[in-house]
Amino acid sequence: MHIIIISRQEEETRRAFQTGQMARLGLSFEFLDAFEARDLTDAECQAAANMWPSPSLPQDIACFRSHRLAWTRVVKTGQPTLILEDDAVLAETLPQVLTAIEAAQIPANAAFDLEFTPEPHILDDREKLAFLGGKVVARRVFKNRVGLAAYVIGPQVAGRMLKDTERYGLIDSYFWHRPWLMGLQIEPAQAVQMRFLQDNEDAQPYHRPQEKRLFRPSSKLRKALLRLELELNRGRCLLQAAFHSQRRQPLIDRAQFRT
Numbered sequence: 001m002h003i004i005i006i007s008r009q010e011e012e013t014r015r016a017f018q019t020g021q022m023a024r025l026g027l028s029f030e031f032l033d034a035f036e037a038r039d040l041t042d043a044e045c046q047a048a049a050n051m052w053p054s055p056s057l058p059q060d061i062a063c064f065r066s067h068r069l070a071w072t073r074v075v076k077t078g079q080p081t082l083i084l085e086d087d088a089v090l091a092e093t094l095p096q097v098l099t100a101i102e103a104a105q106i107p108a109n110a111a112f113d114l115e116f117t118p119e120p121h122i123l124d125d126r127e128k129l130a131f132l133g134g135k136v137v138a139r140r141v142f143k144n145r146v147g148l149a150a151y152v153i154g155p156q157v158a159g160r161m162l163k164d165t166e167r168y169g170l171i172d173s174y175f176w177h178r179p180w181l182m183g184l185q186i187e188p189a190q191a192v193q194m195r196f197l198q199d200n201e202d203a204q205p206y207h208r209p210q211e212k213r214l215f216r217p218s219s220k221l222r223k224a225l226l227r228l229e230l231e232l233n234r235g236r237c238l239l240q241a242a243f244h245s246q247r248r249q250p251l252i253d254r255a256q257f258r259t
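So the sequence shown is numbered by the UniProt record's numbering: it starts at 1 and just counts up by one.
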């Protein structure tokens with residue numbers, strides 16, 4: 001499977017870690033230079049913030065643009081692709097799981113979330129797919145506010161996401177709550193951000209770095225309408241989960257991870 005790792009050019013330590021990790025797992029990949037928050041003007045940040053109901057940081061907007069760059073690459077290659085952020089630690093079983101995903105009959109509107117985050121998701125209590133003799137499963141995810149560090153999409157999903165994100169949105173939450181998307185959580189999770197690999201009660205699911213530039217929607221009416229639109233989309237996803245879902249963290253086997 002094609003693999004793209006989104007990484008800032010100056011993150012030499014993380015790039016070295018990813019290069020070693022990929023070599024150990026026998027996986028080929030390419031780095032995609034992340035969009036730099038420092039290259040955004042205040043006007044660009046404010047224009048983006050006007051399209052989202054909650055406060056936005058330049059890093060949020062840069063992350064949004066970086067993932068859109070990755071989706072453009074997926075559309076161009078026409079291949080299912082694993083997209084990673086450069087702080088993702090991968091399970092030893094990941095190569096087999098990727099091979100199994102490629103071999104499965106996957107709906108064109110499906111995307112796989114391979115990541116563990118310590119944030120409760122709303123997950124289907126039924127398995128959608130099973131891999132590796134049932135040791136790894138995929139189940140529908142109906143709510144996931146945090147987590148876009150490791151996911152698999154095909155060109156159809158990437159193309160539609162590009163159309164849906166012509167205006168800015170907080171990318172983690174926005175991605176998994178598209179009503180047309182069949183989001184599938186892989187369990188046990190095959191990736192985890194470095195800061196969550198060790199049990200750390202102080203690690204917050206959503207990390208916002210210190211930043212002086214914080215941008216908010218300039219119109220209260222627009223903010224209210226955007227919030228309504230967002231909640232309606234989330235509500236549609238939750239309706240699909242009625243009577244056959246559970247609220248919990250994704251499963252993870254920490255013994256499968258090395259640093």
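Ideal Cβ positions, reconstructed from N, Cα and C, are used throughout, including at glycine.
All of these numbers come straight from a predicted model, not from anything done at the bench.
Legend entry - Inter-residue spacing [alpha-carbon to alpha-carbon] between residue 223 and residue 48: In the sequence shown, the residue the question calls residue 223 occupies position 223. In the sequence shown, the residue the question calls residue 48 occupies position 48. Computed Cα separation, rounded: 12 Å.
Inset, instruction - Kindly indicate which three-state DSSP category residue 183 falls into: helix, strand or coil? - result: On the sequence shown, residue 183 is found 183 positions in, with the first residue counted as 1. The three-state secondary structure of residue 183, taken from DSSP, is strand.
Inset, instruction - Would you check if the region 93-109 and the region 122-136 touch, i.e. whether three or more CB-CB distances between them fall below 8 Å? - result: Touching, per the Cβ criterion.
Legend entry - 6 Å CB neighbourhood of residue 33 in its chain, flanking five on each side removed: Your numbering for residue 33 matches position 33 in the sequence shown. Cβ within range, chain order: 9.
Inset, instruction - For residue 250, I'd like the list of residues in its chain whose CB is within less than 7 Å of its CB, leaving aside the five on either flank, ordered along the chain. - result: The residue labelled residue 250 in the question sits at position 250 within the sequence shown. 116, 121, 185, 187, 189, listed in sequence order.
Inset, instruction - State the Cα-Cα distance for the pair residue 261 and residue 36, rounded to the nearest angstrom. - result: What is shown of the chain runs 1 to 259, which leaves residue 261 out entirely.
Inset, instruction - State the CB to CB distance for the pair residue 22 and residue 81, rounded to an integer number of angstroms; the pair is presumed to be in contact (CB under 8 Å). - result: The residue labelled residue 22 in the question sits at position 22 within the sequence shown. The residue labelled residue 81 in the question sits at position 81 within the sequence shown. About 14 Å separates the two Cβ atoms, so there is no contact after all.
Legend entry - Coarse secondary structure for residue 168, derived from DSSP in three states: The residue labelled residue 168 in the question sits at position 168 within the sequence shown. Coil at residue 168, not helix or strand.
Inset, instruction - Would you please state the rounded distance, in angstroms, between the beta carbons of residue 168 and residue 52? I believe it to be under 8 Å. - result: Walking along the sequence shown from the start, residue 168 turns up at place 168. Walking along the sequence shown from the start, residue 52 turns up at place 52. Contact between residue 168 and residue 52 holds, with the beta-carbon distance rounding to 6 Å and staying under 8 Å.
Inset, instruction - Might you give, ordered along the chain, the residues of its own chain that have their beta carbon closer than 6 Å to the beta carbon of residue 92, omitting 5 neighbours on each side? - result: Reading the sequence shown from its first residue, position 92 is the one you call residue 92. In the same chain as residue 92, and ignoring 5 residues on each side of it, the C-beta atoms closer than 6 Å to its own belong to 256, in chain order.
Legend entry - Through-space distance from residue 29 to residue 20, alpha-carbon basis: Against the sequence shown, residue 20 aligns to sequence position 20. Against the sequence shown, residue 29 aligns to sequence position 29. One C-alpha to the other measures close to 12 Å.
Inset, instruction - Between the Cα of residue 45 and those of 134, 215, 241, 220, spot the shortest distance and give me the residue it belongs to. - result: Start at 1 with the first residue of the sequence shown, and residue 45 comes out as number 45. For the residues 134, 215, 241, 220, the minimum Cα distance to residue 45 belongs to 215.
Inset, instruction - Could you round the C-beta distance between residue 62 and residue 149 to whole angstroms and report it? I think they count as a contact, below 8 Å. - result: Locating residue 62 in the sequence shown gives position 62, where the first residue counts as 1. Locating residue 149 in the sequence shown gives position 149, where the first residue counts as 1. 15 Å between Cβ atoms; not a contact.
Legend entry - DSSP-derived helix/strand/coil call for residue 56: Counted from its first residue, the sequence shown places residue 56 at position 56. Strand.
Inset, instruction - Would you list the residues sitting across from residue 276 in a DSSP beta bridge? - result: The question about residue 276 has no answer here: the residues shown for the chain are numbered 1 through 259.
Inset, instruction - Measure the Cβ-Cβ separation of residue 119 and residue 146 and say whether it is below 8 Å. - result: For the purposes of this step, residue 119 is identified with residue 119 of the sequence shown, where counting begins at 1. For the purposes of this step, residue 146 is identified with residue 146 of the sequence shown, where counting begins at 1. The beta carbons of residue 119 and residue 146 sit closer together than 8 Å.
Legend entry - Pair within 8 Å by beta-carbon distance, residue 5 and residue 86: Position 5 of the sequence shown, counted from the first residue, corresponds to residue 5. Position 86 of the sequence shown, counted from the first residue, corresponds to residue 86. Contact flag set, yes.
Inset, instruction - My understanding is that residue 244 touches residue 125, with C-beta atoms under 8 Å, so please give their C-beta distance in whole angstroms. - result: Position 244 of the sequence shown, counted from the start, is the residue given in the question as residue 244. Position 125 of the sequence shown, counted from the start, is the residue given in the question as residue 125. About 6 Å; that satisfies the 8 Å criterion.
Inset, instruction - Just list the alpha helix (DSSP H) runs in the region 16-70, keeping only unbroken ones of 4 residues or longer that don't cross its boundaries, in chain order. - result: For the region 16-70, the continuous alpha helix (DSSP H) assignments of 4+ residues that do not extend past its boundaries occur at 42-49, in sequence order.
Inset, instruction - Would you check if the distance between the CB atom of residue 140 and the CB atom of residue 182 is smaller than 8 Å? - result: On the sequence shown, position 140 is the one that residue 140 refers to. On the sequence shown, position 182 is the one that residue 182 refers to. Cβ distance < 8 Å, so residue 140 and residue 182 count as in contact.
Inset, instruction - Could you pull the start and end residues of the beta strand (DSSP E) that residue 122 belongs to? - result: As a first step, residue 122 must be located in the sequence shown, where it is residue number 122. Residue 122 -> beta strand (DSSP E) spans 121-124.
Inset, instruction - Could you check the C-alpha separation between residue 109 and residue 156 for me, to the nearest Å? - result: Within the sequence shown, the letter at position 109 stands for residue 109. Within the sequence shown, the letter at position 156 stands for residue 156. In a straight line, the C-alpha of residue 109 is about 7 Å away from that of residue 156.
Legend entry - Counterpart residues of residue 113 in DSSP-defined beta bridges: To locate residue 113, count along the sequence shown from 1; it is residue 113. Per DSSP, 151, 185.
Inset, instruction - Compute the Euclidean distance between the alpha carbons of residue 260 and residue 175, then round it to the nearest angstrom. - result: Residue 260 is absent from the structure shown; the chain starts at 1 and stops at 259.
Legend entry - residue 201 - DSSP class collapsed to helix/strand/coil: Reading the sequence shown from its first residue, position 201 is the one you call residue 201. Residue placement at residue 201 is poorly supported in this model, since its pLDDT is 47, which falls under 50; the coordinates are not used for a value here.
Legend entry - Beta-carbon proximity check, residue 25 vs residue 191, cutoff 8 Å: The residue given as residue 25 occupies position 25 in the sequence shown. The residue given as residue 191 occupies position 191 in the sequence shown. Annotated as distal: residue 25 and residue 191, with beta-carbon spacing of 8 Å or more.
Legend entry - Residue closest to residue 66, alpha-carbon to alpha-carbon, out of 233, 84, 234: Locating residue 66 in the sequence shown gives position 66, counting from the first residue. Ranked by how close their Cα comes to the Cα of residue 66, the residues 233, 84, 234 have 84 in first place.
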